[in-house]
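As structure tokens, the structure follows; a few thoughts come after it.
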Amino acid sequence: GTHLLVEGRMRVSAILFAVLWAFGTPWQPPAPPLKTAPLPPPPLPPPPLWKEVEASGAALSVERYLLRLGLRREDLAEDTPTALTQLVRAQLAACPFENLDVYLATEPTIDVDLRETYDKVVRRHRGGFCFEVNVAFGWLLRCLGFDAKFAMARVWRAADPAIDEARASSDVFEDQTETWDGANAPTHVIVFVEEDDEVFLCDVGFGDGPKAALPLVLGQDIRVPGDHAYRFARADDSSEARGLVTLYRLSRGSAGLNGIRSEPGTPEPRILFDTNLDRPKTHFEPGLLRVQTDPDAIFNRFLLVVRHDLDGNKLVLQGRRLRICTNDNRESTDTILETREAFLRTLADDFLMTSLDANEDRHLRDLLDHLFDEDEGEGAASRRRVP
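Counting with our numbering, you get residues 1 to 387 for the letters of the sequence shown.
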């Protein structure tokens, strides 16, 4: 009986197996879900320029920079506006606005690089233009505890302000890589300092800019001792949402670097700037490239060195012509530098550029050949790039 029972169970199992084989595969437990790799996080936005500059200057000496300006930390006033103005005036007196490197170069050679600028301005006692001296000055301010940041600006052209009026409301500050052209591209970088509810403009890289830190207050005349009065105003009604502001200088009837005179009290537009202070480095690079390559840019047409000494005098070297402006820029004397030795001595004595050596710098020798070529005339300021 047991044998028959076992045999019967085997037959039943065989029948069930045949049925399952015919109508489907045997049941199996569900497979565990596949593990998929997590999606990579979205790329972080590039840091603002001020943060990148701050990080790149970690190994540089603040005290050596202050020594270059003839200052010590304990010399600075406790209140922010006075301390900032002390630093602005010291920078203007010690570090000239100059374009020798741009004028001498055969291709763009200058980047927004704090370490290179520090070496040039602090260690080699040179000056520079806005992308150099304003960036270095902004770093110094941050190291001294000021909340300094950078913005882009476009310099107004006194020769045809109507053109600038038409461009004031354009979107040239929004996307430099796609919407900018050579005529519109802003080419000036400026420094702002934020403290509580106040904002101050510090511009040591303009050549003929304010000799003080200016509080960014719209519609008020800001008087600077030994300098002009200034006024901030919205560029136009449509620019308010985008924060475009124009800085005006109130004329005193004297000529500026461009030689143009206007009636005393006339508001002269100087720069149009963007109040977005968190732009990345890539936002500034197109303007820097234009400064070094645009044949219409002043740096590519004229050799220019400017210094404001602590006595209120302005010294301007354009080509071989040295102009010294005194009495709040109301009087001036011009001198034509007749020899190479006089030219180099003027750079060292009047503009404190003591590291230039024509024996070691071939481009400087080529520049001297150009400036003192008999066919160039007494000014010899217009540019001729040297290979």
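All C-beta atoms in this analysis are idealised placements derived from N, C-alpha and C, irrespective of residue type, glycine included.
Check                                                                                                                                                                              : Outcome
Determine the contact status of F372 and L317, defining contact as a CB-CB distance below 8 Å.                                                                                     : no
Report the rounded CA-to-CA distance for P45 versus V199, giving the unit in angstroms.                                                                                            : 25 Å
Specify whether the region 116-127 and the region 63-72 touch according to this definition: at least 3 beta carbon pairs, one from each stretch, less than 8 Å apart.              : yes
Put A342 into one of helix, strand or coil per three-state DSSP.                                                                                                                   : helix
Is R270 helix, strand or coil when you go by DSSP?                                                                                                                                 : strand
Along the chain, where does the alpha helix (DSSP H) containing H283 start, and where does it finish?                                                                              : K281 to T293
Run the CB neighbour count on S251, radius 10 Å, all protein chains shown included, and call it buried at 16 or more, exposed below.                                               : buried
Compute the distance between the beta-carbons of T346 and L356, then report whether it is under 8 Å.                                                                               : no
Do K149 and E98 have their beta-carbon atoms positioned less than 8 Å apart in this structure?                                                                                     : no
Might you give, ordered along the chain, the residues of its own chain that have their beta carbon closer than 7 Å to the beta carbon of F232, omitting 5 neighbours on each side? : L216, V217, L218, V245 and L247
List the whole-angstrom C-beta distance separating V189 from F131, where the pair is believed to meet the contact cut-off of C-beta under 8 Å.                                     : 5 Å
Cβ atoms of K211 and V224: under 8 Å apart, would you say?                                                                                                                         : yes
Work out the CA separation of P47 and T333 for me, nearest whole Å.                                                                                                                : 47 Å
Give me, in chain order, the residues of the same chain whose beta-carbon lies closer than 7 Å to that of S56; leave out the 5 immediate sequence neighbours on both sides.        : L114 and R115
Grab the span of the beta strand (DSSP E) containing L364 for me, first residue to last.                                                                                           : First-last for L364: R362 to L371, but that is the alpha helix (DSSP H), not the beta strand (DSSP E).
Tell me where the alpha helix (DSSP H) around R126 begins and ends.                                                                                                                : Careful: R126 lies outside any alpha helix (DSSP H) and carries neither H nor E.
For T85, is the classification buried or exposed, using 16 other Cβ atoms within 10 angstroms of its Cβ as the cut-off for buried?                                                 : buried
Can you tell me which of the three DSSP states C95 falls into?                                                                                                                     : coil
Taking all protein chains shown into account, do 16 or more other C-beta atoms lie within 10 angstroms of the C-beta of Q292, making it buried, or fewer, making it exposed?       : buried
In whole angstroms, what separates the C-alpha of G138 from that of Q220?                                                                                                          : 25 Å
What is the rounded straight-line gap between the Cα of L310 and the Cα of M353?                                                                                                   : 17 Å
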